[in-house]
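Peer 1: Each residue of the sequence shown is one higher than the last, beginning at 3 in the working numbering. Glycine is no exception: its CB is placed at the ideal position from the N, C-alpha and C atoms. Quick caveat, the model's predicted, so the values are computed rather than measured.
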Amino acid sequence: MEIDDSAAATALLAEHLEYTPLSLIDDIIDSVNNIIYQGVNSLEIGLNSTAPDRLGFESGDEQIDRARLEIEEGLHKLETLLNSTVDKNFDKFEIYVLRNILSIPAGVTPYVRLSHYEGLKLSIASDVPSPEQLTLLRKKLFASRVVNRRLKSEVDKNNTMISQLKSMLQSEHGQAPGLAFLQPGNNTAQHQLTTNAKFALSQLPALKSAINDVRSKAQSLGSSADYLGTVKDEAREGRRGYIEERTKGVLTRHGIVTQPDMLHDGTRFTKDDLEALEQTAAMFNPP
Numbered sequence: 003m004e005i006d007d008s009a010a011a012t013a014l015l016a017e018h019l020e021y022t023p024l025s026l027i028d029d030i031i032d033s034v035n036n037i038i039y040q041g042v043n044s045l046e047i048g049l050n051s052t053a054p055d056r057l058g059f060e061s062g063d064e065q066i067d068r069a070r071l072e073i074e075e076g077l078h079k080l081e082t083l084l085n086s087t088v089d090k091n092f093d094k095f096e097i098y099v100l101r102n103i104l105s106i107p108a109g110v111t112p113y114v115r116l117s118h119y120e121g122l123k124l125s126i127a128s129d130v131p132s133p134e135q136l137t138l139l140r141k142k143l144f145a146s147r148v149v150n151r152r153l154k155s156e157v158d159k160n161n162t163m164i165s166q167l168k169s170m171l172q173s174e175h176g177q178a179p180g181l182a183f184l185q186p187g188n189n190t191a192q193h194q195l196t197t198n199a200k201f202a203l204s205q206l207p208a209l210k211s212a213i214n215d216v217r218s219k220a221q222s223l224g225s226s227a228d229y230l231g232t233v234k235d236e237a238r239e240g241r242r243g244y245i246e247e248r249t250k251g252v253l254t255r256h257g258i259v260t261q262p263d264m265l266h267d268g269t270r271f272t273k274d275d276l277e278a279l280e281q282t283a284a285m286f287n288p289p
């Protein structure tokens with residue numbers, strides 16, 4: 003026979019018996035193990051109270067210790083054997099009970115009605131939401147909670163920012179801080195004008211000193227420029243006289259007449275030639 007091992011069948015049996023099938027089997031196995039323990043304990047007491055010579059041992063103190071040791075070993079082996087036998091056989095007992103006694107045939111669970119369910123009327127209201135509607139409402143609730151958490155986070159951030167701005171706009175000693183111009187009022191323009199005027203007045207001595215320094219430097223630069231110009235003119239005239247003297251000497255050595263009242267056929271020097279000679283002389287005698 004095929005049995006119904008679903009959770010509904012197990013719940014039906016537990017509701018009918020008022021306990022689960024496995025708990026019943028566990029109680030039976032625990033009772034048998036308790037009987038075995040009590041039997042082994044009683045057997046140990048009886049053997050230890052019996053004289054060794056009646057158990058087949060020789061008389062003497064040494065034989066008593068030997069008898070106790072053999073009794074303990076034998077009882078331990080007996081207890082182990084009994085527990086192994088109980089576990090082996092009660093596993094079969096558990097399988098048999100769950101399949102043939104504490105079970106419900108397949109396909110019968112939906113039609114079983116317990117005695118305390120008789121006469122119970124279960125009417126379904128017409129306005130009960132469908133599973134699809136419940137799922138949709140659950141999703142909306144989850145989304146609204148997410149939005150609520152985000153809004154609370156933004157509110158906390160805004161409150162923190164507002165508190166920081168207020169602390170920047172307020173001063174502990176009653177003085178206007180650096181961001182006081184953000185506050186509305188009629189004294190803002192007057193305060194700015196007073197501050198600018200004080201700053202300008204404080205810079206006037208430094209400005210006067212800078213102007214006097216510039217004037218003295220300009221005068222010294224002007225006199226130096228005139229002196230340098232005079233020196234350059236004198237040097238230029240000296241070079242020109244030197245070039246003329248050297249030119250006359252060269253012309254005289256080559257037989258060229260240099261006096262205006264003396265005429266002689268020969269090569270004449272132009273203005274460009276003289277400038278070239280000046281440049282050559284300047285290369286050998288730099289200023």
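(1) Does the region 106-114 come within contact of the region 4-18, defined as at least 3 CB pairs closer than 8 Å?
(2) What number of angstroms, rounded off, separates the C-alpha of LEU171 from the C-alpha of ASN161?
(3) Kindly identify the DSSP beta-bridge partner or partners of ILE5.
(4) Straight-line CA distance for LEU57 to LEU26?
(5) Just to confirm, is the Cβ distance from ILE38 to LEU83 under 8 Å?
(6) Report all residues from its chain with a CB closer than 8 Å to the CB of GLU280; omit the five preceding and five following residues, and keep chain order.
(7) How do the region 42-49 and the region 70-84 stand: do at least 3 beta-carbon pairs fall below 8 Å, yes or no?
(8) Counting C-beta neighbours from all protein chains within 10 Å, is the total for PRO262 16 or more, i.e. buried, or is it exposed?
(9) Thinking C-beta only, is VAL34 closer than 8 Å to VAL99?
(10) Just verifying my parser: in three-state terms, what is the DSSP assignment at VAL114?
(11) Check whether the region 48-56 touches the region 16-30, taking contact to mean three or more Cβ pairs, one atom from each stretch, closer than 8 Å.
(12) What is the DSSP secondary structure of ILE245, counted as helix, strand or coil?
(13) Just the C-alpha distance for HIS175 and PHE201, rounded to the nearest angstrom, thanks.
(14) Can you say whether ALA145 is buried or exposed, counting buried as having 16 or more other CB atoms within 10 angstroms of its CB?
(15) Would LEU15 and LEU116 qualify as a contact pair, given that the criterion is a beta-carbon distance under 8 Å?
(16) Which whole-angstrom value is the C-beta distance of GLU46 and ILE73, which I expect to be below 8 Å?
(17) Can you tell me whether LEU265 is buried or exposed, with buried defined as 16 or more other CB within 10 angstroms of its CB?
(18) Taking buried to mean at least 16 other C-beta atoms within 10 Å of its own C-beta, is ALA69 buried or exposed?
(19) Starting from the C-beta of LEU19, find all residues in its chain whose C-beta is less than 8 Å away, skip the five residues before and the five after it, and write them out in chain order.
(20) Please give the ranges of any alpha helix (DSSP H) in the region 9-38, keeping only runs that are unbroken, at least 4 residues long and fully inside the region.
(21) Given this structure, state the Cα-to-Cα distance separating ILE97 from LYS90, to the nearest angstrom.
(22) Just to check my reading of the structure: PHE92 and ILE5 have Cβ atoms closer than 8 Å, yes? What is that Cβ distance to the nearest angstrom?
(23) Could you tell me which whole alpha helix (DSSP H) segments of length 4 or greater appear in the region 55-101?
(24) Tell me the rounded alpha-carbon separation between SER218 and LEU206.
Peer 2: Checking against the coordinates, here is how it stands:
(1) yes
(2) Taking the sequence shown and counting its residues from 1, the one referred to as residue 171 is at position 169. Taking the sequence shown and counting its residues from 1, the one referred to as residue 161 is at position 159. Looking at the two C-alpha atoms, the distance is approximately 15 Å.
(3) As a position in the sequence shown, residue 5 is number 3, starting the count at 1. DSSP, once it has assigned bridges, lists PRO107 as partnering ILE5.
(4) Reading the sequence shown from its first residue, position 55 is the one you call residue 57. Reading the sequence shown from its first residue, position 24 is the one you call residue 26. Each residue's alpha carbon lies about 42 Å from the other.
(5) Here residue 38 corresponds to residue number 36 of the sequence shown, with the count starting at 1. Here residue 83 corresponds to residue number 81 of the sequence shown, with the count starting at 1. No, they are not a contact pair.
(6) One-based indexing of the sequence shown puts residue 280 at position 278. For GLU280, where only same-chain residues beyond five positions count, the Cβ hits under 8 Å are ARG241, ARG242 and ILE245.
(7) yes
(8) The sequence position of residue 262 within the sequence shown is 260, counting from 1. Because PRO262 carries a pLDDT of 44, less than 50, the predicted location of this residue cannot be relied on, and the following value inherits that uncertainty. Exposed, since its Cβ has fewer than 16 Cβ neighbours within 10 Å.
(9) In the sequence shown, the residue the question calls residue 99 occupies position 97. In the sequence shown, the residue the question calls residue 34 occupies position 32. Result no, Cβ atoms of VAL99 and VAL34 do not sit closer than 8 Å.
(10) Within the sequence shown, the letter at position 112 stands for residue 114. Of the three classes helix, strand and coil, the one that applies to VAL114 here is coil, per DSSP.
(11) no
(12) Indexing the sequence shown from 1 puts residue 245 at position 243. Reduced to three states, the DSSP call for ILE245 is helix.
(13) The residue given as residue 175 occupies position 173 in the sequence shown. The residue given as residue 201 occupies position 199 in the sequence shown. In this predicted model, HIS175 has a pLDDT of only 46, less than 50, meaning its place in the structure is not dependable; the value taken from the coordinates is given anyway. Going by the C-alpha atoms only, they are around 23 Å apart.
(14) Locating residue 145 in the sequence shown gives position 143, counting from the first residue. So ALA145 ends up on the exposed side.
(15) Counted from its first residue, the sequence shown places residue 15 at position 13. Counted from its first residue, the sequence shown places residue 116 at position 114. In this structure, LEU116 does not lie closer than 8 Å to LEU15 by Cβ.
(16) Within the sequence shown, residue 46 is the residue found at index 44, counting from 1. Within the sequence shown, residue 73 is the residue found at index 71, counting from 1. About 7 Å; that satisfies the 8 Å criterion.
(17) As a position in the sequence shown, residue 265 is number 263, starting the count at 1. Residue confidence is low: LEU265 scores 41 on pLDDT, short of 50, so the model does not pin down where it sits. No coordinate-derived value is stated.
(18) Along the sequence shown, read from residue 1 onward, the residue named residue 69 stands at position 67. Buried, by the Cβ-count rule.
(19) Counting from 1 along the sequence shown, the entry for residue 19 is found at position 17. Here the set comprises LEU26 and LEU104.
(20) 9-19
(21) Position 95 of the sequence shown, counting from 1, holds the residue named residue 97. Position 88 of the sequence shown, counting from 1, holds the residue named residue 90. Taking the straight line from one Cα to the other gives about 12 Å.
(22) For the purposes of this step, residue 92 is identified with residue 90 of the sequence shown, where counting begins at 1. For the purposes of this step, residue 5 is identified with residue 3 of the sequence shown, where counting begins at 1. Going by Cβ atoms, the distance from PHE92 to ILE5 rounds to 20 Å, so no, they are not a contact pair.
(23) 63-98
(24) The count along the sequence shown starts at 1 and reaches residue 218 at position 216. The count along the sequence shown starts at 1 and reaches residue 206 at position 204. One C-alpha to the other measures close to 19 Å.
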